[in-house]
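J.: Residue numbers (the numbering used here), protein chains in the order written: chain P, 369 to 548; chain F, 369 to 548; chain X, 369 to 548; chain C, 369 to 548.
1) In chain P, which residues lie less than 8 Å from residue 549 of chain F when you measure between Cβ atoms?
2) Kindly indicate which residue of P/441, P/449 and P/474 has the alpha-carbon position closest to the one of residue 587 of chain P.
3) Is it the case that the stretch 480–490 of chain X contacts the stretch 471–490 of chain P, given that we only count it when at least three CB pairs across the two stretches are under 8 Å?
4) Kindly identify the DSSP beta-bridge partner or partners of residue 370 of chain X.
5) Compare the beta carbon distance of residue 457 of chain C and residue 525 of chain C with 8 Å and say whether it is the shorter of the two.
6) Over the uninterrupted beta strand (DSSP E) stretch that includes residue 437 of chain C, give me the two end residues.
7) Using beta-carbon positions only, say whether residue 492 of chain P and residue 453 of chain P come within less than 8 Å of one another.
8) So which residues on chain P does residue 492 of chain C lean against when the C-beta distance must stay under 8 Å?
9) Would you give the residue range spanned by the alpha helix (DSSP H) that residue 461 of chain X belongs to?
10) I need the boundaries of the alpha helix (DSSP H) containing residue 422 of chain C, first residue and last residue.
11) Taking just the CA atoms, how far does residue 398 of chain X sit from residue 534 of chain X?
12) For a contact defined as C-beta to C-beta under 7 Å, what are the partners of residue 487 of chain P on chain X?
13) Rank P/537, P/546, P/483 and P/541 by C-alpha distance to the C-alpha of residue 505 of chain C and give the top, closest one.
14) So if DSSP puts residue 546 of chain X in a beta bridge, which residue, or which two residues, is it bridged to?
15) DSSP three-state call for residue 388 of chain F: helix, strand or coil?
16) Please identify, using Cβ separations under 7 Å, the residues of the stretch 459–485 of chain P that lie next to chain F, in order along the chain.
17) Determine whether the beta carbon atoms of residue 418 of chain P and residue 378 of chain F lie at a separation below 8 Å.
18) Mark residue 465 of chain P as exposed unless 16 or more other C-beta atoms lie within 10 angstroms of its C-beta, in which case mark it buried.
19) Kindly say whether residue 430 of chain P, judged by its beta-carbon, lies nearer than 8 Å to any beta-carbon of chain F.
20) Quick one: what does DSSP say residue 472 of chain P is sitting in, helix, strand or coil?
21) When DSSP labels each residue in this structure, what does residue 375 of chain C get in the three-state scheme?
22) Indicate whether residue 518 of chain C and residue 383 of chain C have their beta-carbon atoms separated by less than 8 Å.
23) Reducing DSSP to helix, strand and coil, say where residue 538 of chain F ends up.
24) Just to confirm, is the Cβ distance from residue 481 of chain P to residue 447 of chain P under 8 Å?
25) May I ask whether a heavy atom of the ligand PLP can be found less than 7 Å away from the beta carbon of residue 527 of chain P?
26) Mind checking which residues open and close the beta strand (DSSP E) that includes residue 489 of chain C?
27) Quick one, which residues of the stretch 494–517 of chain C are near chain X if we go by CB-CB under 7 Å, in chain order?
28) Taking the continuous beta strand (DSSP E) assigned at residue 525 of chain F, which residues delimit it?
29) Report all residues from its chain with a CB closer than 7 Å to the CB of residue 410 of chain P; omit the five preceding and five following residues, and keep chain order.
30) With distances taken Cα to Cα, identify the nearest neighbour of residue 455 of chain C among X/436, X/496, X/483 and X/471.
31) In three-state terms, what does DSSP make of residue 518 of chain P?
32) Considering only the alpha carbon of each residue, which of F/500, F/515 and F/511 lies closest to residue 508 of chain X?
33) Taking the straight line between their C-alpha atoms, what separation do you get for residue 463 of chain X and residue 527 of chain X?
34) Pull up the distance between the alpha-carbon of residue 537 of chain P and that of residue 394 of chain P, whole angstroms please.
35) Spatial neighbours of residue 549 of chain C within its chain, please: C-beta separation below 6 Å, excluding the five flanking residues on both sides.
36) DSSP beta-bridge partners for residue 495 of chain C?
Have a look at this one:
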């Protein structure tokens with residue numbers, strides 16, 4: 369079982385990149401094969417059918433599609449933009465969904481979300497489920513929103529507080545047990 | 369009352385561009401001031417906080433923001449990509465929501481959706497409501513999904529069949545009466 | 369303008385009944401005509417088309433329908449049950465939607481939600497919007513989730529903390545200004 | 369693997385009861401152990417915490433909870449009321465979610481929906497996913513909406529048209545393969 373982990377955000381200091389890396393670290397300690405990627409390394413234009421018809425898929429789209437295709441499961445930590453899925457993540461889905469074979473089909477996905485505020489990106493996670501489920505992804509019912517994420521991570525990237533650390537650990541166990 | 373009309377799609381032959389133009393035409397016959405724009409003329413990068421912090425807003429973002437700010441109401445015809453809001457439209461919301469003052473706040477919005485299939489983009493319209501409502505937009509409760517849109521438009525851009533034509537006409541009346 | 373206020377919960381000590389009553393009190397201090405009702409006084413069976421066809425509408429359904437019909441706007445404070453609309457509130461919508469004329473059409477609605485936990489019923493509020501919007505209700509885009517509601521109210525029913533009290537006050541002003 | 373099948377509707381001539389029975393028949397021909405129940409036989413009051421605290425769970429709630437607990441998977445055919453989950457089905461979830469152990473946790477669920485109209489209850493199915501997922505149910509990503517259901521079934525209960533019959537057959541294969 370290979371697990372592909374990334375964040376639904378581009379900025380370098382993204383809290384969700386930190387959350388994704390920490391989830392990956394915990395998964396590795398449990399003996400899973402994990403690959404962490406950064407969507408910044410897979411820059412793609414805003415989806416436009418005319419681009420697909422004219423130029424075909426960019427190498428970033430096909431390369432990301434191959435990463436997804438090889439993975440058994442995905443863990444995505446995503447911010448909430450305006451109570452909903454970030455455009456950057458939706459754009460990735462729009463492009464990947466055009467590939468044939470469609471790499472997202474039948475994948476297992478665990479959604480995480482970090483936010484500096486009190487709600488922990490929870491509204492956005494529910495909105496983010498929809499396009500993945502529409503492409504045939506098995507989105508794990510339980511998700512984790514990390515609130516006050518601006519101060520949640522220690523220097524070494526681990527979660528400072530025991531409660532969210534245990535929640536993440538338990539959730540990753542549940543998820544990998546379900547997928548396995 | 370000025371009504372800004374556009375499609376949530378980039379491609380030139382977009383069915384939703386046709387639907388948007390037809391809605392604009394009908395609104396004009398009713399005496400409303402209407403402006404139709406094409407998101408292709410407002411190309412913007414995928415949202416990235418680092419771009420906003422480093423380079424600020426592109427002229428496309430500020431120009432679109434001004435168009436929205438001047439309008440009393442918006443009519444957006446949007447396709448459904450993977451049962452949900454297109455990345456291109458979500459990306460526009462992500463950028464506009466960062467402007468200050470935020471041009472979407474308190475605007476009235478009517479959502480239309482055209483699709484070649486039988487469901488008329490209806491699933492996607494419900495998903496599309498969420499980010500707009502999260503930014504304070506009054507999304508009109510009734511929406512219109514146009515099914516079999518590939519053959520719905522005559523050469524002159526009008527709707528061939530009486531039933532959808534009447535539905536659009538009545539919905540635009542309801543919407544403008546509510547906004548006015 | 370008459371505003372009908374109630375909670376989407378039946379139990380006597382419901383936090384959302386407290387929240388509804390407090391919203392009503394604030395609205396009265398602003399000079400609005402307000403009526404607070406309790407769904408416990410409008411007991412209705414679980415919706416079943418056979419009951420409607422056989423026995424017609426119960427007096428609770430027609431009486432509640434009349435209350436809604438007379439109101440200009442509704443304020444509903446609703447708990448979140450399983451991340452979503454409570455069955456009791458959905459059941460009320462199902463019954464009211466069968467009345468002719470349909471009393472919910474074109475009403476304005478403000479949704480509030482109280483919960484003992486940290487998320488303040490916010491997930492449930494977004495799920496609750498959908499059936500109201502499907503019946504033609506103008507659901508106000510901004511909503512208010514009150515977290516830690518078990519300790520939020522003073523003996524006299526007012527909100528203890530200044531921050532949520534101000535939030536409620538400002539939101540009610542925005543809502544009534546929009547409706548008026 | 370035992371599959372529990374029922375409809376999210378009470379009325380005797382419910383199209384969704386027909387759809388549920390047909391799904392059950394097809395599952396049996398594939399060799400699965402199937403039980404079909406009718407929510408009419410599990411009448412329960414509208415959920416009220418005071419009832420739970422005072423009288424405890426009715427026998428209908430505990431009996432339905434046991435049926436769910438014994439099943440490996442559920443297939444529910446549900447109508448769409450006002451673009452959303454029927455109150456009767458939400459009420460069942462609200463009651464079952466209070467049982468301890470909670471019988472819905474980790475169950476697999478396939479959602480079907482029949483409607484007399486063109487949209488096949490599809491909007492409602494997406495809304496119905498949410499409370500199930502919030503209780504830890506693995507809702508199968510693909511769902512099936514049956515449009516024009518008033519004329520879809522033959523005298524013997526089978527689907528008249530080849531296309532929906534094949535769609536149902538294939539979807540049930542996918543679902544049981546995934547669960548198995």
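Here a beta-carbon is modelled for each residue, glycine too, at the ideal position from N, C-alpha and C.
T.: Let me spell this out:
1) There is no way to answer for residue 549 of chain F, as the model of chain F reaches only from 369 to 548.
2) Because chain P in this structure spans residues 369 to 548, residue 587 of chain P falls outside the shown range and cannot be described.
3) yes
4) X/401
5) no
6) Per DSSP, residue 437 of chain C belongs to no beta strand (DSSP E); it is in the alpha helix (DSSP H), 427–438.
7) yes
8) Chain P residues near residue 492 of chain C: none, gap ~14 Å exceeds 8 Å.
9) 455–464
10) 417–423
11) 14 Å
12) 487 and 490
13) P/546
14) Its beta-bridge partners do not exist; DSSP assigns none.
15) helix
16) 459, 461, 462 and 465
17) yes
18) buried
19) no
20) coil
21) strand
22) yes
23) helix
24) yes
25) Of the ligands one can find in the structure shown there are none, so the ligand PLP has no counterpart to examine.
26) Residue 489 of chain C -> no beta strand (DSSP E), and no H or E assigned at all.
27) 495, 498, 499, 502 and 503
28) Looking at the DSSP string, residue 525 of chain F is not in any beta strand (DSSP E), and its letter there is neither H nor E.
29) 428, 431 and 432
30) X/496
31) helix
32) F/500
33) 33 Å
34) 7 Å
35) For chain C, the structure presents residues 369 to 548; residue 549 of chain C sits outside this window and is missing.
36) BP columns for residue 495 of chain C are empty, so no partner.
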